[in-house]
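Per the numbering used here, residue -11 is the first one in the sequence shown, and the count goes up by one each step.
All residues carry an ideal CB built from backbone N, CA and C; glycine is no exception.
Note that the coordinates shown come from a computational prediction; the quantities given were computed from them, not determined experimentally.
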Amino acid sequence: MSRHPAPDELLLDYAAGVLPGGPALAVALHVALDPAARRMVRRLRGLGGALLESDAGAAEMGEAALEQALARLDAVPVDAPRARAAARPGFDWAPVPLRRYLAGKDWRRVFGGFEEMRLDLQGGSHRVSLLRLQPGQGLPDHRHVAEEYTVVLQGGYTDSTGNYGVGDFAVGPGPQAHKPVADPGEPCIALIVLERPIVLTGFWSRLFNPLLRRGWM
């Protein structure tokens, strides 16, 4: 079970199929790596019809109805993970939902010394990337002005909000500045989904923030 699960509301939106492409991929990877999240999504999909037929109706389904639905999840057995499809050499860490986006992609070094692999999602309103940081390497100090979702796929990282390992799901801390640093051991690989560019808060902020806003970095 993940130490940092995705919020219940996000899992509900994923189960209902209403998330945009980037957030949906982030949740799909979390679900693929976390048995408890798989169980919850499966049961939410099963309960969805019953909730929609309730007296309150879908438009009036409130927090109490959601809590009642989620309370019924504990008795549900967890499915064993499905057999993994063949991965590209060197990409064994990639869960199955990610692999179709990796064709023809490779890592490129970007500002800060870490590596990025930008993913193309049709009709995407978010920037979706894989980041790879070597042990002890950190991202620049930054903050967020819109939603950010992170799923760890290999290794782990630590920032001011906690320590995150494989399968963990992080929601960006918003205006709180942070600096994720890769943990010792193997490189940290994570999927990052951004609604709007980050805002650098360190020494290089005045020079590079205009480039980030224009999507040039």
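8 Å Cβ shell around residue i - same chain, five flanking residues per side excluded
i      : result
LEU21  : SER(-10), PRO83, VAL139, LEU141, VAL154, GLY155
PRO123 : GLY143, ALA170, ASP171, PRO172, GLY173, GLU174, PRO175, CYS176
Where the alpha helix (DSSP H) containing residue i begins and where it ends
i       : result
GLU(-3) : -4 to 4
ARG87   : 84 to 87
ALA20   : 9 to 21
Nonlocal neighbours in the same chain, by C-beta distance under 6 Å from residue i, ignoring five residues either side
i      : result
ALA3   : VAL29, LEU32, ARG33
ARG115 : LEU182
TYR89  : LEU107
SER113 : PRO8
ARG60  : Residue placement at ARG60 is poorly supported in this model, since its pLDDT is 46, which falls under 50; the coordinates are not used for a value here.
VAL98  : GLU104
TRP192 : Note on TRP192: pLDDT 48, under 50, position unreliable in the model; the coordinate value appears next. Cβ neighbours of TRP192 beyond the five flanking positions: none.
Of the listed residues the options, nearest to residue i (C-alpha basis)
i      : options                        : result
LEU177 : PHE79, PRO161, LEU7            : The question names Leu, but residue 177 is Ile in the sequence shown. Per the Cα distances, PHE79.
TRP95  : PRO(-5), LEU119, LEU179, ARG27 : LEU119
GLY101 : ARG87, PRO128, ALA24           : PRO128
GLN110 : LEU13, GLY150, LYS167          : LEU13
ILE180 : SER148, MET105, GLY5           : MET105
GLY92  : PRO77, PHE99, VAL98, TRP81     : PRO77
ALA134 : PRO161, LYS167, GLY150         : PRO161
LEU86  : GLY126, VAL15, ASP147, ARG97   : VAL15
Identified DSSP bridge partners for residue i
i      : result
VAL29  : Its beta-bridge partners do not exist; DSSP assigns none.
SER113 : DSSP, once it has assigned bridges, lists no residue as partnering SER113.
GLY124 : Answer is none; GLY124 lacks a bridge partner.
Beta-carbon gap between residue i and residue j smaller than 8 Å
i      : j       : result
TYR152 : HIS18   : no
PRO11  : TYR137  : yes
PHE157 : ALA(-6) : yes
Range covered by the beta strand (DSSP E) that runs through residue i
i      : result
GLU135 : Run containing GLU135: none; DSSP gives neither H nor E here.
GLU104 : 103 to 106
PHE157 : 157 to 159
ASP147 : 145 to 147
LEU90  : Element bounds for LEU90: n/a, residue is neither H nor E.
VAL181 : 176 to 182
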